[in-house]
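Below you'll find the structure, written out as structure tokens, and then a few comments.
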Amino acid sequence: MQEVELQDILTSREDGDYIINIGPQHPSTHGVLRFVVSLKGEMLDYVIPHCGYVHRGIEKMCERLTYPQIIHLTDRMDYFSAHMNNEAVSLLVEKAIGVEVPERVKYVRTILSELGRIASHQLWWAAFGMDMGALTCFFYGLRDREKILDIFDESFGSRLLHSFICPGGLMNDIHPNFQKRTKEFIKYFRKKLPEYDELLTGNIIFEQRTKGMGVMSRQDAISYGFTGPCGRASNFACDIRKKYPYSAYDKVDFKEILFDEGDCWARYKVRIAEMWESMKIIEQLIDNIPDGDYTAKMKPIIKLPEGEYSQRVETAKGELGVYVVSKGEKNPYRMHFRTPNFNNLFPISQLAAGNKIADLIAISGSLDLIIPDIDR
Amino acid sequence: MNSVGKYFSDIFYGLKTLWKGLMVTGYYFVHPRQIVTEQYPENRKELQMFDRFKGEVILKHDENNFHTCNGCGICQLNCPNGSIEIITDMAPNEEGKPVRIIDKHIYHLSMCTFCGLCVKNCPSDSLAFSQAFEHAVFDRNKLTKILNQPGSRIKKEPKAPKPVLETAPKSNPAN
Amino acid sequence: MPFNIYDFSTTTKAIDTFLKTNMSPTWAFVTELAIVGLIILIFYAIIGLYLVYAERKVCAFMQNRVGPNRVGKWGLIQTIADLIKLLMKELITIRKADKLLFNIAPFIVIIASFMAIAAIPFAKGLHAVDFNIGVFYMMAVSSIGVIGILLAGWSSNSKYSLIGAMRSGAQVVSYELSVGLALLSVVIFSGSMQLSTIIESQANGWWIFKGHLPAIISFVMFLIASTAEINRGPFDLAEAESELTAGFHTEYSGIRFAFFFLGEYMNMFIVASLAATVFLGGWMPLHIGNLEGFNHVMDFIPPIVWFFGKTIFVIYVIMWFKWTFPRLRIDQLLTLEWKYLLPINLVNIIVIAFIVLMGWYIK
Chain A
1 MQEVELQDIL
11 TSREDGDYII
21 NIGPQHPSTH
31 GVLRFVVSLK
41 GEMLDYVIPH
51 CGYVHRGIEK
61 MCERLTYPQI
71 IHLTDRMDYF
81 SAHMNNEAVS
91 LLVEKAIGVE
101 VPERVKYVRT
111 ILSELGRIAS
121 HQLWWAAFGM
131 DMGALTCFFY
141 GLRDREKILD
151 IFDESFGSRL
161 LHSFICPGGL
171 MNDIHPNFQK
181 RTKEFIKYFR
191 KKLPEYDELL
201 TGNIIFEQRT
211 KGMGVMSRQD
221 AISYGFTGPC
231 GRASNFACDI
241 RKKYPYSAYD
251 KVDFKEILFD
261 EGDCWARYKV
271 RIAEMWESMK
281 IIEQLIDNIP
291 DGDYTAKMKP
301 IIKLPEGEYS
311 QRVETAKGEL
321 GVYVVSKGEK
331 NPYRMHFRTP
341 NFNNLFPISQ
351 LAAGNKIADL
361 IAISGSLDLI
371 IPDIDR
Chain B
1 MNSVGKYFSD
11 IFYGLKTLWK
21 GLMVTGYYFV
31 HPRQIVTEQY
41 PENRKELQMF
51 DRFKGEVILK
61 HDENNFHTCN
71 GCGICQLNCP
81 NGSIEIITDM
91 APNEEGKPVR
101 IIDKHIYHLS
111 MCTFCGLCVK
121 NCPSDSLAFS
131 QAFEHAVFDR
141 NKLTKILNQP
151 GSRIKKEPKA
161 PKPVLETAPK
171 SNPAN
Chain C
1 MPFNIYDFST
11 TTKAIDTFLK
21 TNMSPTWAFV
31 TELAIVGLII
41 LIFYAIIGLY
51 LVYAERKVCA
61 FMQNRVGPNR
71 VGKWGLIQTI
81 ADLIKLLMKE
91 LITIRKADKL
101 LFNIAPFIVI
111 IASFMAIAAI
121 PFAKGLHAVD
131 FNIGVFYMMA
141 VSSIGVIGIL
151 LAGWSSNSKY
161 SLIGAMRSGA
171 QVVSYELSVG
181 LALLSVVIFS
191 GSMQLSTIIE
201 SQANGWWIFK
211 GHLPAIISFV
221 MFLIASTAEI
231 NRGPFDLAEA
241 ESELTAGFHT
251 EYSGIRFAFF
261 FLGEYMNMFI
271 VASLAATVFL
281 GGWMPLHIGN
291 LEGFNHVMDF
301 IPPIVWFFGK
311 TIFVIYVIMW
321 FKWTFPRLRI
331 DQLLTLEWKY
341 LLPINLVNII
351 VIAFIVLMGW
361 YIK
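Protein chains in written order, with our numbering: chain A, 1 to 376; chain B, 1 to 175; chain C, 1 to 363.
Dropping the structure here:
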């Protein structure tokens, strides 16, 4: 496997290379992403990812919206971690104007983030199985995810894009059935998750296709900013929930999952183990939601004091960073999102070079990329 | 000898894992009760969305065709992408003073992102989400709706406290 | 043999004598050929269509969903509707594609499977061509199909098709060895390559039971190798949907695509019926040694029902494999064949030869 510099990749196409295009419409890249792949027989020489097909100018749009209005745009970046994206902006605003949210809000926000994490990992498992060729995995993953979507539907009215966590607390209070449904879901999913192991994890074909594939060393993971489950599979302890706890994460007891092989198999196992850990977190919190208000008292027009603010949260894909420069008005002067998928995508040339096309699919599946997050 | 042993143990390990996978799909094959598909057009009568389902924004009208919108325009200010347009008019009220009334409350369903800011921030609590989910039309102009029904007027009533959505039952305080 | 009531050879002999009395022998022969050809054509079309339907239903049930159920009761007319749609599609001709090869490639695939169906014994007397080298003939004609695949991939003038066809060619050629050796095991047991003799020799029990362990190993390897032969299941790299769009038949549209599609399902039927004939007894009912009463009861079920029942069982197992396992990569596929299946097959053949010499099996 050759070490390739990003600069070299972007300028290295020569005549005589056998170039094929994978994407932008392709059943296997989860979103509109184009890989320009150079092949030597069946082996990959280099891969150039071309993103930007779903660029909507979210950061620019934020410059003329007020802070509560920005929440609905953050939903649409990484739509499977919608709650966590909303939480990032809300925490930043609350920190900047110095408002303290009630305990109830913190607990509910944590539970919603963990439910969102499980839902995101379920969909990742479904899509990864499908990419590998085990088409039934897709349906099992989605079937189980429907239960979480029903929980969300009942409390917030929408299944995917909620805009529920807003600066000051929550948009509304949770539904009375929320706790009951969540507990039922945990009971149901604890029985179903071992099935995932029997179908895909334990399968020898799957093991052979993912072990030793796309190895990312710890040094490289740190220098590329390869966070989230991918980074933790390379032994990079980057879980924001442990390092810089926010909401109710300092009150719960959970493990940070680390493996040190750094290949596709380790990335797979990290996510399955994270699903178990998320269920543990939810179980610790669900019965103890304190009573109280579902929002703190906020002014009708939120103006951040002049200055620069930032906030980091752990989404299902990695570390999301929000950075705001405010000139004291009700719109941010500049808003920037450091999205995890952007940093997870670009090392793909280094990971995939020297392997076969089938491995490119396995590697990009294990990175769990959500393309709108890359493009914003 | 070690490699021969490993050869055979690989084969048996492989066959065992494959067998376990087959059992999972085989189980679902012989249990058709586990089918989760909903037969959509046939079950329309029984389909019930959840109470809080965000179908589309409507202006609440009671049985006498009264609504409570006074045309303040706060929903229009809050909407992030301009899906609401308020056209107001001046008309005399019971005392004869000209006050602002709502003429047309235009709602662009095609642009709405269902963020809920209009419903939450309405001071007279006149907007709500309905549970209609079948919005497909052949003509895009049908997606621009006028929310106040013809002939409806604002209802004048003493100031009632804004209703709160039902909350979760009281649970034990956190330890 | 007590199943004379279901003996089709009386019917066929009656038709034969009727034709010979009314026309000259040559014309009678030609008419017989035409009748058999027509029956096989219709059979091919119907079975192909309903296999597609069966696959969609089986995979739907495994995936917790319903499958086609709108077109006709239980969706039975679904595939016919799909066929009509494919017939009406435009046949896109590609610039710079080799026109002759592009057009004949689907036909080669179909011809190969037609020739193989001719030799399958459906019931006693319902056997179109009863060669004395039946097994060898089936192996030989099913290898013609790979030429169709390679031609399709090459003449499409597209990189994706070429990659898919090359992979498929390597795969099919390698797995033919395993298929042949697995079939050879039963040939050694029964002592003849003629399919009807093999079936007759299973009158006191199927070879999978009589040949105990080596026959079971052969059967499993036959199943794995033939799934790879027909480009299906975990070995469908040539048409891997999520990787290379559709592999070697990407550029085909309309009826040409329908031929490839149909050819794949008919190959599955052929391979399943070969497994049923050779290992599971073909149209022979389940007999246990000399238990007269039990055998008599089993004989009441018509042999053709036995034949289709066993074939359907093997088809179900092949479909089960496809919908459960992830796909193998090309090098893993070839490793499986050359390093695992082939050595085990060879050792198995030697063991079987030894067993037959010593008589350590149920004769």
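Ideal placement from N, C-alpha and C gives every residue a C-beta, glycine not left out.
Fully enclosed alpha helix (DSSP H) runs of no fewer than 4 residues occupy 136–156, 178–196, 204–210 of the segment 128–210 of chain A, in order along the chain. Residue pairing of V89 (chain A) in beta bridges, as defined by DSSP: absent, with no partner found. DSSP lists A:S38 as the bridge partner or partners of Y46 (chain A). C-alpha of C166 (chain A) to C-alpha of E134 (chain B): approximately 29 Å in a straight line. In the displayed model, Q311 (chain A) falls within a strand according to three-state DSSP. By the beta-carbon neighbour count (other beta carbons within 10 angstroms, threshold 16), S113 (chain A) is buried. For a Cβ distance threshold of 8 Å, nothing in chain A lies close to W306 (chain C): the least Cβ distance comes to about 31 Å. With contacts defined as CB atoms closer than 8 Å, S126 (chain B) and C69 (chain B) qualify as a contacting pair. The segment 312–350 of chain A is shown to contain whole alpha helix (DSSP H) runs of 4 or more residues at 340–345, in chain order. Contact check for F259 (chain C) and P106 (chain C): beta-carbon distance about 4 Å, within the 8 Å limit, so the pair qualifies. Contact note: T277 (chain C) does not reach chain B at a C-beta cutoff of 7 Å; the least C-beta distance is about 24 Å. By the Cβ-count criterion, W27 (chain C) is exposed, with fewer than 16 other Cβ atoms from all chains shown falling within 10 Å of its own Cβ.
Taking the Cβ atoms as the reference, S156 (chain C) lies roughly 7 Å from F102 (chain C), within the contact range of under 8 Å. The bridge partners DSSP lists for V57 (chain B) are B:F129. Secondary-structure assignment with DSSP links Y18 (chain A) through a beta bridge to A:L39. T74 (chain A) sits in a helix when the DSSP states are folded into three classes.
For K356 (chain A), no beta strand (DSSP E) run applies, since DSSP gives it neither H nor E. Going by C-alpha positions, G202 (chain A) is about 37 Å away from E251 (chain C). At a C-beta separation below 8 Å, P234 (chain C) has these neighbours in chain A: G133, I205. Taking the Cα positions, G328 (chain A) is about 5 Å away from P305 (chain A).
At a beta-carbon threshold of 7 Å, the residues of chain B lying near L65 (chain A) are P80, ordered along the chain. P98 (chain B) sits in a strand when the DSSP states are folded into three classes. I199 (chain C) and Y137 (chain C) have their alpha carbons spaced roughly 16 Å apart. Contact of H72 (chain A) with chain B by beta-carbon distance below 7 Å involves P80, T113, C115. Counting C-beta atoms within 10 angstroms of its own C-beta, L360 (chain A) has 16 or more neighbours from the protein chains shown and is therefore classed as buried. Within the same chain, Cβ atoms closer than 8 Å to the Cβ of N343 (chain A) are found at Y224, G225, F226, T227, G318, the five residues on either side in sequence being excluded. A residue is called buried once 16 or more other Cβ atoms fall within 10 Å of its Cβ, and F235 (chain C) is buried on that count.
Closest in C-alpha terms to G116 (chain A), from the list A:K147, A:F346, A:F128, comes A:K147.
Any Cβ of chain C closer than 8 Å to the Cβ of R145 (chain A) would place that residue at the interface, and such an atom is absent.
Neighbourhood of Y28 (chain B) in chain C, by CB distance below 9 Å: F61, M62, Q63, N64, in chain order. The secondary-structure analysis by DSSP pairs I362 (chain C) with nothing; it has no beta-bridge partner.
Note on geometry: alpha-carbon atoms of V356 (chain C) and K210 (chain C) lie some 12 Å from one another. E85 (chain B): member of the beta strand (DSSP E) spanning 84–92, first to last residue. Close CB contacts of M213 (chain A) within its chain, under the 7 Å cut and outside five residues either way in sequence, are with D263, C264, N355, D359, A362, I363 (chain order). For I92 (chain C), the three-state secondary structure derived from DSSP is coil. With a cut-off of 8 Å on Cβ pairs, the segment 217–231 of chain C is in contact with the segment 310–325 of chain C, counting three or more such pairs.
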